[in-house]
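A.B. asks:
Number of protein chains: 2
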Amino acid sequence: MPSLPTFYRLACQQAVSFPGRTAIVYRDQRLSFADICDRANRIANVLKAEGVREGDRVLWLGQNANRVLELFLACSRLGAGLCVANWRQSVAELAFVIRDIDARVIFWQQEEVGDVTVEARTAADSDAMWIRHDGDDAESYEGRIAAAAAEAGEEAGTDSINRPLLILYSAAFGGRPNGAQLSDVGLFLQMLTHTSALGIGRDNVGLVSTPMFHIVAWLDLLPTFMMGGKVAIARRTEAQALCELIHREKIVTGRLHPPIAARIAEYNADRRFDLSSFRSSLDIPGWKEMTGSGPEIGGTGQTEVAGPIVLHALGGSTPFSGRIAPFAEARVVNPDGTDAPPGKLGELWIRGASAGLGYWNRPELNAERMRGDWWRTTDLARRDADGTISFAGPMLQMVKTGGENVYPAEVEAAIKSHPAITAAAIIGTPDPIWSQIVTGIVALAPDAHLTLETLRAYLKDRIAGYKIPRALHIVQKMPMKGLVPDYAALDARFGGGNYPGQARKA
Amino acid sequence: MPSLPTFYRLACQQAVSFPGRTAIVYRDQRLSFADICDRANRIANVLKAEGVREGDRVLWLGQNANRVLELFLACSRLGAGLCVANWRQSVAELAFVIRDIDARVIFWQQEEVGDVTVEARTAADSDAMWIRHDGDDAESYEGRIAAAAAEAGEEAGTDSINRPLLILYSAAFGGRPNGAQLSDVGLFLQMLTHTSALGIGRDNVGLVSTPMFHIVAWLDLLPTFMMGGKVAIARRTEAQALCELIHREKIVTGRLHPPIAARIAEYNADRRFDLSSFRSSLDIPGWKEMTGSGPEIGGTGQTEVAGPIVLHALGGSTPFSGRIAPFAEARVVNPDGTDAPPGKLGELWIRGASAGLGYWNRPELNAERMRGDWWRTTDLARRDADGTISFAGPMLQMVKTGGENVYPAEVEAAIKSHPAITAAAIIGTPDPIWSQIVTGIVALAPDAHLTLETLRAYLKDRIAGYKIPRALHIVQKMPMKGLVPDYAALDARFGGGNYPGQARKA
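As given, the protein sequences belong to chains A and B, one line each in that order.
Just add 9 to wherever you are in the first sequence, counting from 1, and you've got the numbering used here.
Just add 9 to wherever you are in the second sequence, counting from 1, and you've got the numbering used here.
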């Protein structure tokens, strides 16, 4: 019978299709496809011996490494789920994840992040088997795979679309994160779509520097790996290490956040590293002169649907707009479940192989987020007349004022059209009469001035009266979280919060 | 729950992602994605009313048309299988297919192919509903969809990997063709791999001129259609019509067989049509000067695995070599089931979503061709040291002489290294002592001469004695069937046949 792809099978095939070719560069190691496959089989046999079976979980508490990919392939073979947790978390946060994911085996790292991990281990009181990945004794990752059998072969059933392979914590609506589950087949189709949209071929050299607890790191890794190219994995993002890596390996593709690119531009101002092989669309002074130009990777999506599934490479007028990947479907939906007309905001819903496994161990939240086969992203979006979809902001940040729903993204877009304003955010602050009032926070251009009155007058004909801010704060620099304002920081500073959208999800 | 893609869902999504954009050009019609979707829904509703249910078959007896795509999408919605039959067949051959496929509804064409079809209909005595596709009365395809409901929605279950969507007759080992079955998911993954390997984007303009009863026509059509590009469908291959189409639509991609390219080069010798948009790798005098250059599309595969699944675009030294598409797996296998070592010939086996549905209504043959999840292609291939796979010839043509197996492809390669020889084919002819003897047929360079004795002397140190021809025929021009000698024609002319490989499959 026909069989669905799994990453394990395909990695084994890569070892045969590309004998001797370097697949992964990590620190001073160069691993071929056959090396990765052999190591994946050995660590799978270690996991098997520790009792890991189809449906069990394995947890990674460390920085980026080739071993994360090997465990991913081992879990694909065994039918298990690999959870990669954020090593930047506090002890309490880590302990929550350790308890929540209930892994049979946990891999941890001494270097840099060991102290927090050891404390979290004590706090969580987990009965998992703990294996240190960066040691070299017999009980470490390397010690164990050296002693393990090299035996290959699948242990999992064929249902690789309904089984989580990768679990990434995200979406802390209620103050606690939730583990988004992604299947072998869902990740595979997303990988193949990115391969095509970004034009990745076997001559590509990719960089993974984004932490592998973020889905985008996997979309940097998997397309190049599965096409037979070479991927350099950086343990973490440091300007010097990244410069050396890009220069030495002649890296072509990889996501870099703008602040990291800016740090690299500063560090490499004297051009002692040649970064001209790197294709980047970031418009950062200094940076863009030292790299090649590349396609805009943007679009929109979320971890729960395997990342950017509305791809800018497929069209769209801004970096946050695009078309749905051609293996999935998208709808922009009104509160009553009907399709929002073109140009109007609604909730983005996604259907397809990478959507709908929901969160680990959250049956009620999952039921809330599914409508039939459709996954509600809780993101606000708009479909334009050309069929492209634009991300407008998180819906759960919705402000409720005098019975009306106000979506910050909509108001922010109107405010930002004012020439004096360089950045804008909307929060809701408590009010005895209106329940919440719309509060604006803005950053201004040099020497510009703005009062609440002039802003209100400016907005009068632009948006409905109830959406116009009733309070205004001016900041030197807008705190950001990725590409959107850091609403949590702004709420803490200016007394906002308690949003109806969030309350519904908590 | 996550859901696998179907072409029906994705076509509906294209109508939303690319509003107003032309999807298909056919004769004087320009159809948008929404038009195609609407027409697919209407013809699906016609089929439903005629009783077509999941697992039923629909048969197309006509030339290329937009309606074949519409029926394909309608069958994807209903869970039915669309069989596209070869309109070049004789009455007896067509009648066999009509009886064998046992379709509930048959679409037929009056123009050009109607006479044979009507005779075959009488001979087959089928009780299917017959609908003429190229008429315009109320009972024709157009009449019926004009009257049909536009209602959308899926009727099929979710098992789109184990259900045939497209059925193409091929592989007439035993004198009768067999209907190779391909699933929605298998075709989808093959489509996405071709999209990536060939760099197809939404600005592409594709040409479908190969008959749609061949799988390669679908690999010309689907990648461009699913990426949002435009596809021009040619009813058949005629030099004038193709010149007009390439010139007018600025066509970029599409497979053309060398003889057709040669005819076009001759027809357009005065360059009255601008064919410079067309990307071609064909090295045909006249032709290559009037077109742009493009990637080699080659590789190897067969209809039963959704066409070229070993893709030259992924590597390989000759047009018939390449690497396995990264959603599938390939093995080159010895007769005892072990892997053949690099450089040695073996049978090509394929595993993956597009392999293993086997032939319609041939349970015994399917059992013979499957080994676990692996599909035996009955093609001879070799894996080279760089991991690429090369097609060497059909295995079923194997000659059995004195108990030894002789594969024509291997002997032909040795013969063709002789400087006087421009083409070579090996057949087996009956012999009372040896059961069969190896008989060579060759074409010679101008003014060259060759005798059996000089050929045998030349081959003596090149291949084993039992493989060296014991009889020789010299022909002016080697009869070809696509890319390999027309063995059936040579057998008929020189008394070959009755191959043990074929006998096993009959």
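Just so you know, even glycine gets a beta-carbon here, dropped at the ideal spot from N, CA and C.
Quick check on the DSSP output: the alpha helix (DSSP H) that includes GLU356/B runs from which residue to which?
C.D. replies: Where GLU356/B is concerned, there is no enclosing alpha helix (DSSP H), although the beta strand (DSSP E) it sits in stretches over 354-361.
A.B. asks: What beta strand (DSSP E) runs, 3 residues minimum, are completely inside the stretch 307-383 of chain A?
C.D. replies: 308-311, 316-320, 330-333, 337-342 and 354-361
A.B. asks: Do GLU59/B and MET138/B have their C-beta atoms closer together than 8 angstroms?
C.D. replies: yes
A.B. asks: Using only the alpha-carbon positions, how far apart do VAL484/A and VAL447/A sit?
C.D. replies: 17 angstroms
A.B. asks: Counting C-beta neighbours from all protein chains within 10 Å, is the total for ASN263/B 16 or more, i.e. buried, or is it exposed?
C.D. replies: The sequence shown places Gly at residue 263/B, rather than the Asn named in the question. GLY263/B should be labelled buried.
A.B. asks: Looking at the strands, I want to know which residues DSSP matches up with PRO304/B.
C.D. replies: PRO304/B pairs with nothing; no bridge assigned.
A.B. asks: What ranges does the beta strand (DSSP E) occupy inside the stretch 163-210 of chain B, keeping only unbroken runs of at least 3 residues that lie completely in it?
C.D. replies: 173-179 and 187-192
A.B. asks: Would you say the stretch 432-445 of chain B touches the stretch 498-506 of chain B, given that touching needs at least three Cβ pairs under 8 angstroms?
C.D. replies: yes
A.B. asks: What in chain A is Cβ-close to ARG211/B, meaning under 7 angstroms?
C.D. replies: Neighbours of ARG211/B in chain A, taken as residues at a C-beta separation under 7 angstroms, are given in chain order as LEU323 and GLY324.
A.B. asks: Give the DSSP-derived three-state secondary structure of ALA512/B in the structure shown.
C.D. replies: Reliability fails at ALA512/B, whose pLDDT of 43 lies under 50, so the model's placement of it is uncertain and no value is given.
A.B. asks: Since SER192/A and LEU174/A are thought to touch, with beta carbons under 8 angstroms apart, how far apart are those beta carbons, to the nearest angstrom?
C.D. replies: Rounded to whole angstroms, the Cβ separation of SER192/A and LEU174/A is 6 angstroms, and the two are in contact under 8 angstroms.
A.B. asks: Is it true that the CB of LYS476/B sits closer than 8 angstroms to the CB of GLU421/B?
C.D. replies: no
A.B. asks: At the level of alpha carbons, what is the spacing between ARG392/A and ALA32/B?
C.D. replies: Going by the C-alpha atoms only, they are around 20 angstroms apart.
A.B. asks: Could you check the C-alpha separation between GLU160/A and ALA49/A for me, to the nearest Å?
C.D. replies: Looking at the two C-alpha atoms, the distance is approximately 10 angstroms.
A.B. asks: Identify, in the order they occur along the chain, each residue of the same chain with its Cβ nearer than 8 angstroms to the Cβ of CYS21/B, setting aside the five sequence neighbours on each side.
C.D. replies: CYS46 and ALA161
A.B. asks: Just how far apart, CA to CA, sit GLY123/A and SER289/A?
C.D. replies: Those two C-alpha atoms are separated by around 34 angstroms.
A.B. asks: With DSSP collapsed to three states, give me the class of ALA137/A.
C.D. replies: coil
A.B. asks: If the cut is a Cβ gap below 8 angstroms, which residues of chain B does ARG288/A touch?
C.D. replies: Going along chain B, no residue has its Cβ under 8 angstroms from ARG288/A, so there is no contact; the nearest lies around 16 angstroms.
A.B. asks: Pull out every residue of the stretch 335-347 of chain A whose Cβ sits closer than 7 angstroms to any Cβ of chain B, in chain order.
C.D. replies: PRO335, PHE336 and GLU338
A.B. asks: Hey, quick one: how far does the beta strand (DSSP E) through GLN38/A stretch, first residue to last?
C.D. replies: 38-41
A.B. asks: In angstroms, rounded to a whole number, what distance separates the CA positions of ARG97/A and ALA53/A?
C.D. replies: 27 angstroms
A.B. asks: So what's ALA434/A in DSSP terms, helix, strand or just coil?
C.D. replies: strand
A.B. asks: Would you grab the beta carbon distance between LEU87/B and LYS57/B for me? Rounded to a whole angstrom, and I think it's under 8 angstroms.
C.D. replies: 7 angstroms
A.B. asks: What number of angstroms, rounded off, separates the C-alpha of LEU177/A from the C-alpha of PHE336/A?
C.D. replies: 22 angstroms
A.B. asks: Could you pull the DSSP bridge partners for MET489/B from this structure?
C.D. replies: PRO494/B
A.B. asks: Could you tell me which chain B residues have their CB closer than 8 angstroms to the CB of ASN171/A, listed as they occur along the chain?
C.D. replies: MET10 and PRO11
A.B. asks: Please state if the CB of LEU464/A and the CB of LEU453/A are separated by a distance shorter than 8 angstroms.
C.D. replies: no
A.B. asks: List the DSSP bridge partners of VAL415/B.
C.D. replies: VAL408/B
A.B. asks: Please state whether the Cβ-Cβ distance between ALA158/B and TYR368/B is less than 8 angstroms.
C.D. replies: no
A.B. asks: Look at the alpha carbon of ASP279/A and the alpha carbon of MET299/A, and state the distance between them as a whole number of angstroms.
C.D. replies: In this structure, the CA atom of ASP279/A is about 10 angstroms from the CA atom of MET299/A.
A.B. asks: According to DSSP, ARG288/B sits in a beta bridge with which residue or residues?
C.D. replies: Beta bridge pairing from DSSP links ARG288/B with GLY301/B.
A.B. asks: Reducing DSSP to helix, strand and coil, say where ARG66/B ends up.
C.D. replies: Correct three-state label for ARG66/B: strand.
A.B. asks: Would you say the beta carbon of VAL114/A is closer than 7 angstroms to some non-hydrogen atom of the ligand ATP?
C.D. replies: Although the ligand ATP was asked about, the structure shown includes no ligands whatsoever.
A.B. asks: For chain A, is any of its Cβ atoms less than 8 angstroms away from the one on THR131/B?
C.D. replies: no
A.B. asks: Can LEU207/A and ILE306/A be called in contact, C-beta distance under 8 angstroms?
C.D. replies: Going by C-beta atoms, LEU207/A is nearer than 8 angstroms to ILE306/A.
A.B. asks: Does ILE115/B have its Cβ less than 8 angstroms from a Cβ in chain A?
C.D. replies: no
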